[in-house]
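Peer 1: Please find one structure pasted underneath; my questions will follow.
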Amino acid sequence: MAQNPYRDLPAVHDVLEMPPLRDLQGAFGRDVMTEAVRAELDEARQRIQRGETLDGHVAASGLAARVAQRLGRKFQAKLRSVINATGIVLHTNLGRAPMAEAAAAAACQAAQGYLNLELDLETGKRSSRQVAIREWVCRLTGAESATAVNNNAAATVIALRALCHGKEVIISRGQLIEIGGSFRIPEIMGVSGAILREVGTTNITRLADFERAIGPDTAALMNVHTSNYRVSGFTQAVALADLVELGKKHRLPVIDDIGSGALVDFARFGFQGEPLARDSVAAGADLVLFSGDKLLGGPQAGILAGKKEWIQKIEKDPLMRAFRLDKMTLAALEATLRIYLNEDAALRDVPVLSMLAMPLETLRRRAESLAASLRDIDGIHRAEACQDEAYVGGGSLPDQAMPTWVVEVEARHVSEAELAQRLRTGQRAVLGRIRDCKLILDLRTVLEQHEHEVVMAVLAAVGGA
Ligand SMILES: *Cc1c(COP(=O)(O)O)cnc(C)c1O
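Shown next as C-alpha cells:
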C-alpha cells in the first residue's frame, strides 16, 4: 500500500480511455462522461477518507466499469415499455390501449417521413387534416360528419364552447361525472364558457325536468355516460331518444358524451350497458363524443361525430388549432378505424378487443404453462394457475368483473411486496397485482410473445434474493 492512497487513483483522462467508456462516447458525449468519471473518483476519495482500503476498482478499468454502470442508471429512459400482468386491459397509468400493429406501423411511418397531412394529392391543393378520419368515422357510426381532437376531455370543451358559449346547457344531476385527472363536468363547462344548468336529482331525472328548464338562454341538452360508476336501486334516467325528441321540439342540439367509444357491441363479451357510437347517432344525437384510446383501442384522441353543421362550427373554433391531433396520432387513428371496416378483423387485430375476447380456455392453458415454468425457478416457493376476476379499467364498465386465469406466485425468501417491487424495477419491468399476500400475474393482458420475458424477469427478481 502506497503512503498516499489518493495517488493510486487514476487520472480522469485515463479512465475515459478505457474500452467500456470509449465505446459509450457516441451515446453520451465527452462532458457527461467526464462528469460521471469525476463523480466516481470523488466517491472513491471519500471512501479512502473513511479509511476503507480500495482494492481492484481503483484501477482505471475497474473505475471505468463502475462509471459505465452509473451512466446506464442515471441516463436510463424515463419512459420504458412494461409488461402488463395486472389483467386491467385499459390501465390509465400504463398508457391505456395498446395499439394494433397496423396502427403502430402507420404512426412510425408518419413519424419518420413526410405525408399528405394537409394536402390533397389529386388537386395539389391544401386540405384539412381531418379528411384522414372523417369518412371512416362516418362509415362506422352512420354520422353525417366527424372530426377529432387530442382526447375526449378536449372534445367536450370544444363542443360546448362552439355550440353553447355564454349560454345554458341542461344536464341531469345524476350525470355530473368526475372521470379523474380533474375532468369534472361542472369544471369542463366552466372552462368552455357554457353555463351548467343541472336538473333532476342524483337518482331520478325525468324528461319533464329538462322541459321545465328550457328557456331563451338554452343552447343544448347534454347526456353523459356514467362510465366509471353506476347509480342503481330507485333510479330513473331520460332515454337518449326522448331527449332527442325534446331537442327537436325546441330546436336544440343534443350532445351525447358516450365515453368509451365502443364501435362493436360489447354484449358479445358479456358486458352490458356500454353505449355504441352508432346507436347514439341512430337515436338522433346531434353530436356524439368518445375517446380513441378506451374501448376503441386506438391512440389517445377525442372523436366528435354528428351533424355537419355542428362539426363545421367546431372546426372553425380557435381552440381547434390548440386541440388538433398531430400527424402520428392521426395516422394511428386512421389505421385503427380502417381495421374496424371489417368487424372480424377488428376482433382479431385490435389488441383491446382480442384481449377481451380471449377464451377462458386459452387463458387457462397459458396460465398453467407459465406456472409450470415459474415452478422450475429455485427461488420460487409456489406458482399456481387459478381462476380469478379482473376489470376492464380505464373508467369503463366499473361494475362488471370479468373471469380470467392468473398465476399466483410466492417466492421463498422475498415478500410479495418486495417481489412486486423488484419486478417493477427490473431490466424488463413486469407489473402484477397483489391479492391475499400473493403476487398475481394475469395472462389476459400479457402479449403471448412476452411470456418468456416474464419468466426471465421473475428469475432475475428472485435470483437477486
Ligand atoms: C373517459 C371519459 C372522458 C374523458 O376522456 P379522455 O379521452 O380521457 O379525455 C369524458 N367523458 C366520459 C363519459 C368518459 O368516460
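Residue numbering for the sequence shown follows our numbering, beginning at 412 and increasing consecutively. Every residue, glycine too, gets a C-beta built ideally from N, C-alpha and C.
Three-state secondary structure (DSSP) at residue 379?
Peer 2: The shown model of the chain, from 412 to 876, leaves out residue 379, and the question about it has no answer.
Peer 1: What do you get for residue 413, buried or exposed, if any count of 16 or more other CB atoms within 10 angstroms of its CB means buried?
Peer 2: Counted from its first residue, the sequence shown places residue 413 at position 2. In this predicted model, residue 413 has a pLDDT of only 49, less than 50, meaning its place in the structure is not dependable; the value taken from the coordinates is given anyway. So residue 413 ends up on the exposed side.
Peer 1: Which of the three DSSP states is assigned to residue 549 in this structure?
Peer 2: Here residue 549 is taken as the residue at index 138 of the sequence shown, counted from 1. Of the three classes helix, strand and coil, the one that applies to residue 549 here is helix, per DSSP.
Peer 1: Quick check: what's the CA-CA separation for residue 801 versus residue 767?
Peer 2: Numbered from 1 along the sequence shown, position 390 holds the residue referred to as residue 801. Numbered from 1 along the sequence shown, position 356 holds the residue referred to as residue 767. Approximately 11 Å between the Cα atoms of the pair.
Peer 1: Kindly list the residues whose CB is nearer than 6 Å to the CB of residue 652, restricted to its own chain and excluding five residues on each side of it in sequence; keep chain order.
Peer 2: The residue you call residue 652 lines up with position 241 of the sequence shown. Within the same chain, residue 652 has close Cβ partners 694.
Peer 1: Do residue 714 and residue 559 have their CB atoms nearer than 7 Å?
Peer 2: Locating residue 714 in the sequence shown gives position 303, where the first residue counts as 1. Locating residue 559 in the sequence shown gives position 148, where the first residue counts as 1. Yes, the pair counts as a contact, with Cβ atoms nearer than the cut-off.
Peer 1: With a cut-off of 8 Å, do at least 3 Cβ pairs link the stretch 782-797 to the stretch 819-836?
Peer 2: Yes: at least three Cβ pairs fall under 8 Å.
Peer 1: Look at the alpha carbon of residue 692 and the alpha carbon of residue 557, and state the distance between them as a whole number of angstroms.
Peer 2: Sequence index remark: in the sequence shown, residue 692 carries index 281 (1-based). Sequence index remark: in the sequence shown, residue 557 carries index 146 (1-based). The straight-line gap from Cα to Cα measures roughly 11 Å.
Peer 1: Out of 873, 824, 797 and 769, state which residue places its alpha-carbon closest to the alpha-carbon of residue 859.
Peer 2: To locate residue 859, count along the sequence shown from 1; it is residue 448. Checking every option, the nearest Cα to that of residue 859 belongs to 769.
Peer 1: Name the two residues that bound the continuous beta strand (DSSP E) containing residue 559.
Peer 2: Mapped onto the sequence shown, residue 559 falls at position 148. Counting along the chain, the beta strand (DSSP E) containing residue 559 begins and ends at 556-560.
Peer 1: Would residue 704 pass as a contact of residue 507 if the rule is Cβ separation under 7 Å?
Peer 2: As a working note, residue 704 is residue 293 in the sequence shown. As a working note, residue 507 is residue 96 in the sequence shown. Against a cut-off of 7 Å, the Cβ pair of residue 507 and residue 704 comes out as a contact.
Peer 1: Measure the C-alpha to C-alpha separation of residue 490 and residue 664 and round it to an integer number of angstroms.
Peer 2: To locate residue 490, count along the sequence shown from 1; it is residue 79. To locate residue 664, count along the sequence shown from 1; it is residue 253. Going by the C-alpha atoms only, they are around 42 Å apart.
Peer 1: What is the rounded straight-line gap between the Cα of residue 611 and the Cα of residue 672?
Peer 2: As a working note, residue 611 is residue 200 in the sequence shown. As a working note, residue 672 is residue 261 in the sequence shown. Roughly 26 Å separates the two Cα atoms.
Peer 1: Ligand 1 and residue 562: does any heavy atom of the ligand fall closer than 6 Å to the residue's C-beta?
Peer 2: Counted from its first residue, the sequence shown places residue 562 at position 151. Flag set: Cβ of residue 562 near ligand 1.
Peer 1: Shortest alpha-carbon distance to residue 799 belongs to which of 760, 852 and 791?
Peer 2: As a working note, residue 799 is residue 388 in the sequence shown. That would be 852, whose Cα lies nearest to the Cα of residue 799.
Peer 1: Within the chosen definition, does the stretch 531-549 reach the stretch 617-630 through at least 3 CB pairs nearer than 8 Å?
Peer 2: No, the stretch 531-549 is not in contact with the stretch 617-630.
Peer 1: Report the option in 579, 440 and 838 whose CA atom is closest to the CA atom of residue 488.
Peer 2: Looking up residue 488 in the sequence shown gives position 77. Residue 838 is the option with its Cα nearest to residue 488.
Peer 1: Would residue 504 be called buried (16 or more neighbouring beta carbons within 10 Å of its own) or exposed?
Peer 2: Locating residue 504 in the sequence shown gives position 93, counting from the first residue. The residue is exposed, with fewer than 16 neighbouring Cβ atoms inside 10 Å.
Peer 1: Let me check understanding here. Comparing Cα to Cα, which of 452, 451 and 428 lies closest to residue 441?
Peer 2: Here the question's residue 441 lines up with position 30 in the sequence shown. Residue 428 is the option with its Cα nearest to residue 441.
Peer 1: Kindly confirm or deny that the stretch 735-751 and the stretch 785-797 touch, where touching means at least three C-beta pairs closer than 8 Å.
Peer 2: Counting Cβ pairs under 8 Å, fewer than three are found: no touch.
Peer 1: Please work out which residues of its chain come closer than 7 Å, Cβ to Cβ, to residue 751, disregarding the five sequence neighbours upstream and downstream, and give them in chain order.
Peer 2: Mapped onto the sequence shown, residue 751 falls at position 340. Cβ neighbours of residue 751 beyond the five flanking positions: 551, 674 and 757.
Peer 1: For residue 760 and residue 573, which I take to be in contact (beta-carbon distance under 8 Å), what is that distance rounded to the nearest angstrom?
Peer 2: Numbered from 1 along the sequence shown, position 349 holds the residue referred to as residue 760. Numbered from 1 along the sequence shown, position 162 holds the residue referred to as residue 573. So it is not a contact: roughly 34 Å between Cβ atoms.
Peer 1: Assuming residue 582 and residue 607 are in contact, meaning their beta carbons sit under 8 Å apart, how far apart are those beta carbons, in whole angstroms?
Peer 2: Here residue 582 refers to the residue found at position 171 when the sequence shown is read from its first residue. Here residue 607 refers to the residue found at position 196 when the sequence shown is read from its first residue. Residue 582 to residue 607, Cβ: 7 Å. Contact.
Peer 1: My output table needs one value for residue 849: the three-state DSSP class, helix, strand or coil.
Peer 2: As a position in the sequence shown, residue 849 is number 438, starting the count at 1. Strand, per DSSP.
Peer 1: Exposed or buried, what is residue 856 when buried is set at 16 or more other beta-carbons lying within 10 Å of its beta-carbon?
Peer 2: For the purposes of this step, residue 856 is identified with residue 445 of the sequence shown, where counting begins at 1. Residue 856 is buried by the Cβ-count criterion.
Peer 1: Is the closest heavy atom of ligand 1 to the C-beta of residue 791 under 6 Å?
Peer 2: Taking the first residue of the sequence shown as 1, we reach residue 791 at position 380. No, the beta carbon of residue 791 sits no closer than 6 Å to any heavy atom of ligand 1.
Peer 1: Can we count residue 668 as close to ligand 1, meaning its CB is less than 6 Å from some heavy atom?
Peer 2: As a first step, residue 668 must be located in the sequence shown, where it is residue number 257. Yes, Cβ of residue 668 sits closer than 6 Å to a heavy atom of ligand 1.
Peer 1: Return the residue from the list 615, 598, 519 and 717 that minimises the CA-CA distance to residue 545.
Peer 2: Walking along the sequence shown from the start, residue 545 turns up at place 134. The option with the nearest alpha carbon to residue 545 is 717.
Peer 1: DSSP on residue 739, reduced to helix/strand/coil?
Peer 2: Sequence index remark: in the sequence shown, residue 739 carries index 328 (1-based). Helix, per DSSP.
Peer 1: Rounded to whole angstroms, how far is the Cβ of residue 668 from the Cβ of residue 700, which I believe are closer than 8 Å?
Peer 2: Here residue 668 corresponds to residue number 257 of the sequence shown, with the count starting at 1. Here residue 700 corresponds to residue number 289 of the sequence shown, with the count starting at 1. At roughly 5 Å, the Cβ-Cβ gap stays under 8 Å, so residue 668 and residue 700 are in contact.
Peer 1: Indicate, with yes or no, if ligand 1 has a heavy atom lying under 6 Å from the CB of residue 861.
Peer 2: Reading the sequence shown from its first residue, position 450 is the one you call residue 861. Answer for residue 861: no, Cβ out of range of ligand 1.
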